[in-house]
Amino acid sequence: MKLDITIQRLQCFVEAAEQQSFRRAAEAMHLTQPALSQHIQLLEKSLHVNLFERSAKGTHLTPFGAQLLVRAKAVINSIDRLEEFAQNLAAGQDGTISIACYPVHIERFLGRVIGSFHRDHPRVRFDLTRLRDDRRRGLGRSLLEELRDGDVDLAMAPPDSKFDLGGIKLYDAKILALVPDTDPSRHQHTIAITDLKDRPVLIAPPQYFSRQAAEATARKAGFSLRVEADSSTPSALLVLGRQGLGIPILPDDYPLVGQQRYPYPVLADQAGAEISTPVWLQWRREGGLSPLAASFIEYVRKEVEIERLHGRGRECYYQADLSPGT
Numbered sequence: 001m002k003l004d005i006t007i008q009r010l011q012c013f014v015e016a017a018e019q020q021s022f023r024r025a026a027e028a029m030h031l032t033q034p035a036l037s038q039h040i041q042l043l044e045k046s047l048h049v050n051l052f053e054r055s056a057k058g059t060h061l062t063p064f065g066a067q068l069l070v071r072a073k074a075v076i077n078s079i080d081r082l083e084e085f086a087q088n089l090a091a092g093q094d095g096t097i098s099i100a101c102y103p104v105h106i107e108r109f110l111g112r113v114i115g116s117f118h119r120d121h122p123r124v125r126f127d128l129t130r131l132r133d134d135r136r137r138g139l140g141r142s143l144l145e146e147l148r149d150g151d152v153d154l155a156m157a158p159p160d161s162k163f164d165l166g167g168i169k170l171y172d173a174k175i176l177a178l179v180p181d182t183d184p185s186r187h188q189h190t191i192a193i194t195d196l197k198d199r200p201v202l203i204a205p206p207q208y209f210s211r212q213a214a215e216a217t218a219r220k221a222g223f224s225l226r227v228e229a230d231s232s233t234p235s236a237l238l239v240l241g242r243q244g245l246g247i248p249i250l251p252d253d254y255p256l257v258g259q260q261r262y263p264y265p266v267l268a269d270q271a272g273a274e275i276s277t278p279v280w281l282q283w284r285r286e287g288g289l290s291p292l293a294a295s296f297i298e299y300v301r302k303e304v305e306i307e308r309l310h311g312r313g314r315e316c317y318y319q320a321d322l323s324p325g326t
């Protein structure tokens, strides 16, 4: 059965109960007394109970009215909180921002921006639950597919012309060859992709951007990488490299890789150009951004500008020496 209950009728009921007078309640609600009485009568009709006892001595709650008063106040408070939440949401002060990304994106860049944004917007939550194992196993949808389908607000990935997305470039992840310390190219700035021909390499799984870039460059040079092992965990590849199984090939946005005291050589193609993958923060063009996501993007733009002026920022991670040659 549908009840004809409105917020205004509940407010009239609560005000009359607290004032114990329809006249004073009407004044407080900026209504005429007949209008307030009508709202309460319609509420009583909808609930099929009498809320007030009216007498020459005044207006008093019935036992039913006394019990319903508590619930009516709770409903009004909930509506007030909903209204406040909606206003904060529209102003970018409340709500949730969901981001499809890999852990490395948090460590390399997003962690700093999220921290800065959180300090200014403490009520905003970040949904990073899209850091799922199915991506590591090559199952499920890609980061950009989740963004396209509306499951997340933002996604971290290289640009893809298949998707109609807006975005901002954050940085280039250079692809490094973590050769042993005894290797002649250890302290060179670059290492030619052809130098890896017939040498065992340790690399990320096929769905990872760094592997796709390295393999594409090798194919252009006329050979295929000799993959000895692959893993989505950089530290595992580094340990295997230390044990002599092969040369770890990893992007420098992993803090364990990029923070080395003596940088490893960057893979270069046949023309000598460094191999890298562009990392972008992207969003759907269609449907527009929520005020909250739009505000977060402005923080991202500021961090990008800081890196442009002052160089790579400090990663939100720890520093360790996992050199393959030690």
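For the sequence shown, my numbering gives the first residue as 1, with consecutive numbering after it. Every residue, glycine too, gets a C-beta built ideally from N, C-alpha and C.
Leaving aside the five residues that flank phenylalanine 117 on each side, the residues in its chain whose CB is nearer than 6 angstroms to its CB run, in chain order, Phe296 and Tyr299. Residue nearest to isoleucine 5 within the set Gln38, Leu178 and Phe209 is Gln38 (criterion: CA-CA distance). Judged by DSSP secondary structure, arginine 54 falls within the beta strand (DSSP E) whose first and last residues are 52-55. Shown here, lysine 45 sits in a helix according to DSSP, grouped into three states. Distance from isoleucine 193 to alanine 268 at the Cβ level is roughly 7 angstroms; contact confirmed, criterion being Cβ atoms closer than 8 angstroms. In this structure alanine 72 touches phenylalanine 13 by the C-beta definition: roughly 6 angstroms separates them, less than 8 angstroms.
Between proline 255 and arginine 108 a beta carbon distance of about 7 angstroms is seen, short of the 8 angstroms cut, so the two are scored as contacting. In the DSSP assignment, the residues bridged to aspartate 230 are Ile203. In the displayed model, glycine 272 falls within coil according to three-state DSSP, outside both helix and strand. In this structure, glutamine 33 places its C-beta atom within 8 angstroms of the C-beta atom of alanine 26. The continuous beta strand (DSSP E) containing alanine 100 extends over residues 95-100. Using a Cβ distance threshold of 8 angstroms, alanine 155 and glutamine 41 do not count as a contacting pair. Excluding its 5 nearest sequence neighbours in each direction, leucine 289 has C-beta neighbours in its own chain below 8 angstroms: Asp153, Trp283 and Ile297, listed in chain order. In the structure shown, the three-state DSSP call for histidine 30 is coil. Counting the other Cβ atoms within 10 Å of the Cβ of glutamate 15 gives 16 or more, which makes it buried. Scanning Gln67, Gln11 and Gly287 for the CA closest to the CA of glycine 150 turns up Gly287. In the DSSP assignment, proline 251 falls within the unbroken beta strand (DSSP E) covering 247-251. Taking the C-beta atoms as reference points, leucine 128 is found nearer than 8 angstroms to isoleucine 99. Listed in chain order, the non-local C-beta contacts of serine 185 below 8 angstroms within the same chain comprise Ala177, Val179, Ile191, Asp195 and Pro265, local neighbours out to five positions each way being set aside. Counting along the chain, threonine 6 sits inside no alpha helix (DSSP H), nor does DSSP assign it H or E at all. Here DSSP, grouped into helix, strand and coil, assigns histidine 60 to strand. Nearest Cα to glycine 241 within the set Phe126, Asp181 and Val104: Asp181. DSSP, read as helix, strand or coil, puts lysine 302 in helix. Relative to the Cα of leucine 43, the nearest Cα in the group Arg219, Pro206 and Gly65 belongs to Gly65.
Under the 10 Å beta carbon count, leucine 82 is surrounded by fewer than 16 other beta carbons and is classified as exposed. A check of alpha carbon separations from tryptophan 280 across Thr96, Ile106, Leu31 and Ala28 identifies Ile106 as the nearest. In this structure, the alpha-carbon of serine 46 lies about 11 angstroms from that of arginine 9. Annotated as distal: arginine 226 and proline 263, with beta-carbon spacing of 8 angstroms or more. With respect to the C-alpha of threonine 59, the residue from Leu245, Asp80, Phe209 and Phe22 having the closest C-alpha is Phe22. Under the three-state reduction of DSSP output, threonine 190 falls in the strand class. Sixteen is the threshold: since fewer than 16 other Cβ atoms of the shown chains lie within 10 Å of the Cβ of proline 122, the residue is exposed.
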